Amino acid sequence: MKKKKDNKNINTKIVLSKDKTKETTIKSNSEISKNQSNRKKQKEIRYSSFEQINKNYFVKKDSREFDEINILLERIDKYIFNDLYLNTDSVFLLAVSGGVDSIVMLDIFVQLTFKYPLMKLSVAHFNHKLRKETAQRDQKFVEDTCKKYNIPFFTGEEDVKKYAELKGIGIEYAARILRYRFLERVAQKVEAQYLATAHTADDSAETFFINLFRGAGLTGLSGIASKRNLSRKLSLVRPLINIRKDELIHYAKVRGLSWKEDETNQLMNFTRNKIRLDIIPKIEEHFSPSVINTINRAQKLLQGADSIIAKQIQKIIPGLIKEKSNGRFSIKLSVISLLDSFLQGEIIQRVLSNNFNLQNVPMLTIDRIIELQNKPVGSVCEINKNFIVLRDRDTLIFSRTESKNEIFLPISKGGTFAVENKKITLGKVSKRQIKFTDNPNIEYLDWDLVPSVLYIRSWKQGDTFSPLGMNGSMKVSDFLTNNKIPLIDKGSILLLTTKSDVIWICGLRISDKYKITEETTKYLKVEYVLE
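Numbering that gives the first Met the number 0 applies: residue 0 is where the sequence shown begins, and numbers increase by one.
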């Protein structure tokens, strides 16, 4: 049975609205569920186009209002352009949810454009569809705010809950994936150099506790990064990461700004909410009123240590990775076993992040992966629902998990037949067309020995065949073991068979019974192709 492929090209409609309406179609690489694979999924991003920021919202320098907010403005100005070395003549895409943090960030950037007129702003708002009426309310509020400032506005939406169920991940993680996927698409559309989010010092301290409870490594405990590259042309920046939330609330009140509270921020079924509403207040009351500042200082020290260790790891990784392909890589046991256990853990965290985009894998899981070095060949550690690690002879193989369907496909003696991501082609050729090579994916058989009805199927325990050049028969499982086929690959091995006999272990070896001999007068070419 042929397995359908997921359709990863999804049309995205962008509608520009003001005086003109224009429709453009772009491609995105969002994944969709298997039952949607034959349908194109439409997403709509609305963009209100304005020419110039409304100057009525610039704070006058000789006003009392300016005196009250100027210190904070100068701190953020210095941090963005002196400490993070951002360019003042760049395009900034601001992620605005409608909460006080992002609304203040928007207003601050509006003030900065008065000082740096070459700076360009756009705003993006993402609807997670986790709330009904209030989500639409927040979206409308942000759009109206952008109209007031005269700033370009984008909005998009996804069903986060449905995506989380499909992928077997938590709501918070699913929301983050879909939100950033949307933001990066918009950033590309407006040609932004920087994507700014309104994470604060409070958020960073909360993240410290989340990662501490998960058992994260050094990178996870270092807090939220102030800047990181999303692509060659786009950087993610956190201009408020050193600012306390109460400072932003004070700014908002002085400026007379309004904002919308997300009621889900009060729900205690989310880990971050429990930390913010329960754990941190208790620590502040009973242990240290300045716990957030203390954690922020500790995170800066950890970031420094993490940076030094990252440079060392970067030198080790090239000699550590043995094989790397789509959805898989392996690391050499002979290299990683010589390293300190702390470095082993940090390296595994780094390669999982680099290759699978898995962030802050719990240390308990990392420890189980490290322990595979001392386990028998074939031992497996599950990272999560989607990824596993296999202990092979001289490597640890990291791979995406794939559902293996039992293959059984009747075929004829000629033609091309597709099975999942593989194709097998059979065709009659003349003796003159035969070209023997070292390519195991192309073989030649005796046409008269091969019956007209054949089968492509998965191998199973108990299958036997007579390998080319060998007298007698052996188990297919033993052949695969002798040829050092990793356990992780064995499930995808296909056979070309008669009703009762194995003709070819596809891509590996033909049976001696069907080989070409001096008596052969007709020839069958078989070819195995991975798409």
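Positions of the beta carbon are idealized from the N, C-alpha and C atoms, including for glycine.
Note that this is a predicted model, so its numbers are computed, not measured.
Please work out which residues of its chain come closer than 8 angstroms, Cβ to Cβ, to L453, disregarding the five sequence neighbours upstream and downstream, and give them in chain order.
-> Only P409, I410, S411, K412, L425, L495, T496, T497, I502 meet the Cβ criterion.
Please report how far the alpha carbon of F91 lies from the alpha carbon of D137, in whole angstroms.
-> 21 angstroms
Compute the Euclidean distance between the alpha carbons of R63 and F386, then round it to the nearest angstrom.
-> Spanning the two alpha carbons is a distance of roughly 57 angstroms.
Which class does E22 belong to by DSSP, given the choice of helix, strand or coil?
-> In this prediction, E22 scores a pLDDT of 31, lower than 50, which makes its location untrustworthy; the coordinate-derived value is nonetheless stated afterwards. It is a strand residue.
Is the region 249 to 261 close to the region 213 to 222, with three or more CB pairs under 8 angstroms?
-> no
Under 9 angstroms between C-beta atoms of D82 and S225 | yes
Going straight from the alpha carbon of R38 to that of R392, what length do you get?
-> Per-residue confidence for R38 stands at a pLDDT of 35, beneath the threshold of 50, marking its modelled position as unreliable; no derived number is given.
Residue(s) in a DSSP beta bridge with D445 | Y522
Use the C-beta contact count for Y162: other C-beta atoms within 10 angstroms, 16 or more gives buried, fewer gives exposed.
-> buried
Consult DSSP for R243 and reduce its assignment to one of helix, strand or coil.
-> coil
Out of curiosity, what's the CA-to-CA distance linking E283 and I240?
-> 20 angstroms
How would you call K232, buried or exposed, if buried means at least 16 neighbouring beta carbons within 10 angstroms?
-> By the neighbour-count criterion, in which 16 or more other beta carbons inside 10 Å mark a residue as buried, K232 falls on the exposed side.
Label H285 either buried or exposed according to how many other C-beta atoms from any shown protein chain fall within 10 Å of its C-beta, with 16 as the threshold for buried.
-> exposed
What residues in its chain sit with their C-beta under 6 angstroms from that of R365, if we drop five residues either side in the sequence?
-> A small fix is needed here, since residue 365 is Ile in this sequence, not Arg. Closer than 6 angstroms at the Cβ level, and outside the excluded window around I365, lie G344, I347.
Validate contact between the region 94 to 108 and the region 121 to 136 using beta carbons, cut 8 angstroms, 3 pairs = Yes, since at least three Cβ pairs between the region 94 to 108 and the region 121 to 136 fall closer than 8 angstroms, the two stretches touch.
C-alpha distance - N295 paired with K459, whole-angstrom precision | The alpha-carbon atoms of N295 and K459 are separated by roughly 56 angstroms.
Could you check where the beta strand (DSSP E) with R604 kicks off and where it finishes?
-> The requested residue 604 does not occur in the structure, where the chain is confined to residues 0 to 530.
Indicate the three-state DSSP secondary structure (helix, strand or coil) for G318 in the structure shown.
-> helix
Would you say the region 372 to 384 touches the region 311 to 325, given that touching needs at least three Cβ pairs under 8 angstroms?
-> no
Which full runs of the beta strand (DSSP E) of 3+ residues lie inside the region 135 to 201, going along the chain?
-> 152 to 156, 193 to 195
Pick from E517, T520, I484: whose alpha carbon is nearest that of I504?
-> I484
Can you tell me which of the three DSSP states I492 falls into?
-> coil
Could you check where the beta strand (DSSP E) with E260 kicks off and where it finishes?
-> Careful: E260 lies outside any beta strand (DSSP E) and carries neither H nor E.
Of the listed residues K128, D201, E183, F328, nearest to L194 (C-alpha basis) = E183
Residues that S324 bridges to, as DSSP identifies them | R327
Got a sec, what are the start and stop residues for the beta strand (DSSP E) I365 sits in?
-> Segment 362 to 370 is the alpha helix (DSSP H) holding I365; no beta strand (DSSP E) there.
Report, in whole angstroms, the separation of the C-beta atoms of I52 and V109, which I expect to be a contact under 8 angstroms.
-> 6 angstroms
Looking at the structure shown, is G414 part of a helix, part of a strand, or coil, going by DSSP?
-> strand
Candidates L371, I396, K244, Q311: closest to F355 by CA position = If we check each option's Cα against that of F355, I396 comes out closest.
Leaving out five residues before and five after N34 in sequence, what residues of the same chain have Cβ atoms less than 6 angstroms from its Cβ?
-> The predicted model places N34 with a pLDDT of 36, which falls under 50 and marks its position as unreliable; any figure quoted below should be read in that light. None.
Would you tell me roughly how many angstroms separate the C-alpha atoms of L461 and I330, rounded to the nearest one?
-> In the sequence on display, residue 461 carries Gly and not Leu. In a straight line, the C-alpha of G461 is about 32 angstroms away from that of I330.
Between V334 and the rest of its own chain, which residues show a CB-CB distance below 8 angstroms, the 5 nearest in sequence each way excluded?
-> I315, G318, L319
Contacts around V141, its chain only, beta-carbon distance under 6 angstroms, and the 5 residues preceding and following it disregarded = V95, G97, H124
DSSP state of G471, grouped into three classes?
-> coil
May I ask you to report which of helix, strand or coil DSSP gives P280?
-> Shown here, P280 sits in a helix according to DSSP, grouped into three states.
According to the Cβ coordinates, are A200 and N292 closer than 9 angstroms?
-> yes
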